[in-house]
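Respectively, the protein sequence lines represent chains A and B. Here this note's numbering is used: the first residue of the first sequence is 309, the next is one more, and so on. Here this note's numbering is used: the first residue of the second sequence is 112, the next is one more, and so on.
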Amino acid sequence: CTEKYAEIYFNRPDVQKALHANITKIPYRWTACSELLNRNWNDTDVSILPIYRELISSGMRVWVFSGDVDSVVPVTATRYSISQLKLRTKVPWYPWYVKNQVGGWTEVYEGLTFATVRGAGHEVPLFKPRAALQLFKSFLKGEPLPKS
Amino acid sequence: GGSQPDDGAAADRIWALPGQPEVSFEQFSGYVTVNRAAGRALFYWLTEASIQPLSKPLVIWLNGGPGCSSIAYGASEEIGPFRINNKASGLVPNKFSWNSLANLLFLETPAGVGFSYTNRSSDLLNTGDRRTAKDSLEFLVRWLNRFPWYKTRDIFITGESYAGHYVPQLAREILAYNAKSSHPIHLKGIMVGNAVTDNYYDNLGTVTYWWSHAMISDKTYHELINTCDFSRQKESNECESLYTYAMDKEFGNIDQYNIYAPPCN
Chain A
309 CTEKYAEIYF NRPDVQKALH ANITKIPYRW TACSELLNRN WNDTDVSILP IYRELISSGM
369 RVWVFSGDVD SVVPVTATRY SISQLKLRTK VPWYPWYVKN QVGGWTEVYE GLTFATVRGA
429 GHEVPLFKPR AALQLFKSFL KGEPLPKS
Chain B
112 GGSQPDDGAA ADRIWALPGQ PEVSFEQFSG YVTVNRAAGR ALFYWLTEAS IQPLSKPLVI
172 WLNGGPGCSS IAYGASEEIG PFRINNKASG LVPNKFSWNS LANLLFLETP AGVGFSYTNR
232 SSDLLNTGDR RTAKDSLEFL VRWLNRFPWY KTRDIFITGE SYAGHYVPQL AREILAYNAK
292 SSHPIHLKGI MVGNAVTDNY YDNLGTVTYW WSHAMISDKT YHELINTCDF SRQKESNECE
352 SLYTYAMDKE FGNIDQYNIY APPCN
């Protein structure tokens, strides 16, 4: 329910003033998601996989994670997509740990690291903040997720 | 008194947000003009790292939708240093904030999201991936001019959901920019979560997830698989009816974004 609090807080004039926001007096309220934009989105790539191939070949660090109780863009969807990249495995599938519990499972491919986050919904850091922070830490370091 | 879109960093400093607890890090927010002719300006909120910000990378967070705000979700619900209390009267600390490890730049993109705006109203009716990537690159180039001490820092881009489009697309724009520029942007990596990636495999994987997690019946699963063309942008009426049936009659009253959590009523 937290986006409801955001809808109130970010429409407060004193909050907008502190943020230097809405200085031009936008003719609509601040909202978490713009339905107008969403309904009129008329340029979308059918697949991002070609871009992944470009980024991987450039040597960029690429990590993909998935909260495994999201049914909107679920883990199965992500796995089907990644498998199309046909990447070689560097570190085979294993459970990763955070604070002595399984945080999820992961596999390190040549050029891409994939990790699931156990029990997390669509907004992974909202539902599993500790696990998400561990994921972020490993990503920044460019190291595989902890095995214990 | 509020900064103008192209003021310097000092004008963007946030002294304190209403109801904010005392913190040790600096914050900045404001507008960066990305298209002068159309009057398009993107809004950002930078929360610097809580420990040794000068030695930490810059991480840009984008939310998806399309059309959703990284300040609403990334900053206020997920990785930012504050949570809004349930009266919306103030902020409480998030002890798992990612700004313990990095400087976090929440970007509202494209124009029309959150506080980001355009003076050309048609921009709101014909937007999409391409303009979002180009405007976001323009934002980053200009933002780094406003905050030049970040120019030499490692940069990462992260996000979730439809940002599965924005994040790789912006990374690709940066690679193209770097190929032509004598001052390349130090982009080191990207990370995306529950990311929209490929129409066909996303849709096939979603329906398969529903079935394998016992959210839909065998009958509905087989009908969806046999009826829908998952590679299409717009599905047939017959397929749409099956989706509606699955969601209305079989899912029940759940939070589709977290199937085992109580729904927000």
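The beta carbon of each residue, even a glycine, is placed where N, CA and C say it ideally should be. Computed from a predicted model, the values in this text were never measured in an experiment.
A distance below 8 Å separates the beta carbons of Gly130 (chain B) and Ser200 (chain B). Segment contact: the segment 165-180 of chain B against the segment 251-270 of chain B, three or more CB-CB distances shorter than 8 Å; contact assigned.
B:Leu298 is the residue among B:Leu298, B:Glu271 and B:Tyr228 whose C-alpha sits nearest the C-alpha of Lys262 (chain B).
At a Cβ-Cβ threshold of 8 Å, Tyr368 (chain B) and Val380 (chain A) count as neighbours. Cys339 (chain B) counts as buried, since at least 16 other C-beta atoms from the protein chains shown sit within 10 angstroms of its C-beta. Exclusion of the five residues before and after Gln392 (chain A) leaves Leu357 as the residues of its chain whose Cβ lies within less than 7 Å of its Cβ.
In this structure the segment 172-188 of chain B does not touch the segment 411-421 of chain A; the number of beta carbon pairs closer than 8 Å is below three. Shown here is that no member of the segment 410-425 of chain A has a Cβ falling below 7 Å from a Cβ of chain B.
Contact note: Leu286 (chain B) reaches chain A through Ser366, using a C-beta cutoff of 7 Å and chain order.
For Gln163 (chain B), no CB of chain A lies under 8 Å from its own CB, so it is not counted at the interface with that chain.
With fewer than 16 other Cβ atoms from the protein chains shown falling within 10 Å of its own Cβ, Glu349 (chain B) counts as exposed. Minimum Cα-Cα distance from Asp313 (chain B) among the listed residues A:Leu448, A:Val370, A:Glu451 and A:Ser389 corresponds to A:Ser389. Just so you know, the alpha carbons of Ser342 (chain B) and Gly304 (chain B) end up roughly 21 Å apart. Chain order gives the chain A residues near Pro279 (chain B) as Ile356, Ile359, Tyr360 and Leu363, where near means a beta carbon separation below 7 Å. Residue pairing of Gln409 (chain A) in beta bridges, as defined by DSSP: A:Val406.
Taking C-beta separations shorter than 6 Å and ignoring five residues to either side along the sequence, Tyr354 (chain B) has no partners in its chain. Scanning the segment 145-200 of chain B from its first residue to its last, the whole beta strand (DSSP E) runs of 3-plus residues come out as 151-158, 169-173 and 193-195. Under the three-state reduction of DSSP, Phe139 (chain B) is assigned to strand. Ile162 (chain B) is classed as exposed because its beta carbon has fewer than 16 other beta carbons within 10 Å across all chains shown. Close partners of Ser272 (chain B) in chain A (Cβ separation under 8 Å): Val380, Val381 and His430.
Put simply, the CB of Asn330 (chain A) is near chain B, with a gap under 8 Å to one of its CB atoms. At a Cβ-Cβ threshold of 8 Å, Tyr155 (chain B) and Leu212 (chain B) do not count as neighbours. With a minimum length of 4 residues, the unbroken runs of alpha helix (DSSP H) contained wholly in the segment 286-325 of chain B fall at 310-323. Beta-bridge partners of Cys341 (chain A) (DSSP): B:Cys179. Thr319 (chain B) and Gln344 (chain B) have their C-alpha atoms roughly 19 Å apart. The beta carbons of Asn205 (chain B) and Ala160 (chain B) sit no closer together than 8 Å. Not one beta carbon of chain A lies nearer than 8 Å to the beta carbon of Glu351 (chain B).
Neighbours of Tyr402 (chain A) in chain B, taken as residues whose beta carbon is under 7 Å from its own, are absent, since the nearest beta carbon is some 19 Å off. A residue is called buried when at least 16 other Cβ atoms come within 10 angstroms of its Cβ; Asn330 (chain A) meets this threshold and is buried. Each residue's CA atom was taken as its position, placing Ile334 (chain A) and Tyr228 (chain B) some 7 Å apart.
When DSSP reads this structure, Val399 (chain A) sits in a beta bridge with A:Val416. Residues of chain B whose Cβ lies closer than 7 Å to the Cβ of Glu451 (chain A) do not exist; the shortest such Cβ separation is about 12 Å.
Residue environment analysis places Pro279 (chain B) among the buried positions, since at least 16 neighbouring C-beta atoms fall within 10 angstroms of its C-beta.
Any Cβ of chain A closer than 8 Å to the Cβ of Val143 (chain B) would place that residue at the interface, and such an atom is absent. By the C-beta criterion, the segment 126-140 of chain B is judged to be in contact with the segment 311-327 of chain A, since at least 3 inter-stretch pairs fall below 8 Å. Chain A has a Cβ within less than 8 Å of the Cβ of Arg283 (chain B).
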